[in-house]
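Reading through the structure tokens given below for one structure.
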Amino acid sequence: MNHFVQWLKDRMLEPLPGYTAQKRMSKSLYRPQPDEAPPNAKESAVLILLFEEAGALNVLLIMRTADGGAHSGQIAFPGGKKEPEDPGYPDTALREANEELSLDPQQVQVIGSISPLYIPVSNFIVHPVVAYADQLPDLEKSEFEVAEIFQIPLSTLFDSKQDTVINITLPLKGKIDITAYIINESVIVWGATAMILSELESLWDEFHGRQL
Numbered sequence: 005m006n007h008f009v010q011w012l013k014d015r016m017l018e019p020l021p022g023y024t025a026q027k028r029m030s031k032s033l034y035r036p037q038p039d040e041a042p043p044n045a046k047e048s049a050v051l052i053l054l055f056e057e058a059g060a061l062n063v064l065l066i067m068r069t070a071d072g073g074a075h076s077g078q079i080a081f082p083g084g085k086k087e088p089e090d091p092g093y094p095d096t097a098l099r100e101a102n103e104e105l106s107l108d109p110q111q112v113q114v115i116g117s118i119s120p121l122y123i124p125v126s127n128f129i130v131h132p133v134v135a136y137a138d139q140l141p142d143l144e145k146s147e148f149e150v151a152e153i154f155q156i157p158l159s160t161l162f163d164s165k166q167d168t169v170i171n172i173t174l175p176l177k178g179k180i181d182i183t184a185y186i187i188n189e190s191v192i193v194w195g196a197t198a199m200i201l202s203e204l205e206s207l208w209d210e211f212h213g214r215q216l
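Right under this line is the structure:
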């Protein structure tokens, strides 16, 4: 197992950076914390799949299809709503990844989870589940849910030059400045996905700081 992944598996058993790290990527978007969510908020989970590729640790992201929904066309993690038959959040994340990408749960190892966050626009409390594979599993995207699949080295994603402010237009807020991870013109990560990645980046920095 990758050294960072092994460290992360143990580190996730301790108190996490949480909202302190998440809010770095939500400067113009106030996000209530999960304990401030309304009683009718829906539980959900996403899968942060880390895997080895060409000697580097990568993360799997998808672009959702342009279906007119709240997260239409956005870069995201595979995931979705927790169903009554799901025993826990890891089961939700793996089931959704199977539905969206035909991911075989037997090809990955769930190692823990990082801090949940609340998304007001869809009224979801999202639980990020972290899994690891020693190589990218066989995937086949659902044409109804996934437009593209991206594999991005963490070292590229967390390069400080990739973290910048952009201007976007939101239906209810108009034009606002947001902080985003910009890999290229096709891969711009913002909103809840960027907030989740920001906590992972905080842990990545903590690990590498200890290595100095």
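Heads up: the sequence shown at position 1 corresponds to 5 in this note's numbering, and the numbers run straight through without jumps. For glycine and all other residues, C-beta sits at the position ideal for the given N, C-alpha and C. Since the structure is predicted, the reported quantities are computational estimates derived from the model, not experimental observations.
- Distance between alanine 49 and glutamine 110, taken at the CA atoms: about 18 Å.
- Linking phenylalanine 81 to threonine 197 through their CA atoms gives a straight-line distance of about 7 Å.
- Leucine 204 counts as buried, since no fewer than 16 other beta carbons sit within 10 angstroms of its beta carbon.
- Burial check for phenylalanine 148: the Cβ neighbour count within 10 Å stays below 16, so the residue is exposed.
- Residues of the same chain with a CB within less than 6 Å of the CB of glutamate 152, apart from the 5 flanking positions on each side, are Met67 in chain order.
- In the DSSP assignment, proline 157 falls within the unbroken beta strand (DSSP E) covering 150 to 157.
- Taking C-beta atoms as the reference points, leucine 107 and leucine 140 fail to come closer than 8 Å.
- The beta-bridge partner set that DSSP reports for phenylalanine 81 is empty.
- Lysine 86 counts as buried, since at least 16 other C-beta atoms from the protein chains shown sit within 10 angstroms of its C-beta.
- Nearest Cα to glutamine 26 within the set Ala184, Lys13, His7 and Leu17: Ala184.
- With contacts defined by Cβ atoms closer than 8 Å, phenylalanine 55 and alanine 137 form a contacting pair.
- Contact check for proline 21 against leucine 207 passes: the beta carbons are separated by less than 8 Å.
- When the beta-carbon positions are compared, alanine 135 and valine 112 come within less than 8 Å of each other.
- Per DSSP, valine 9 lies in no beta strand (DSSP E) segment; the continuous alpha helix (DSSP H) that holds it begins and ends at 7 to 15.
- Here threonine 168 has Thr183, Ala184 and Ile186 as same chain residues with Cβ atoms under 8 Å from its own Cβ, once five neighbours each way along the sequence are excluded.
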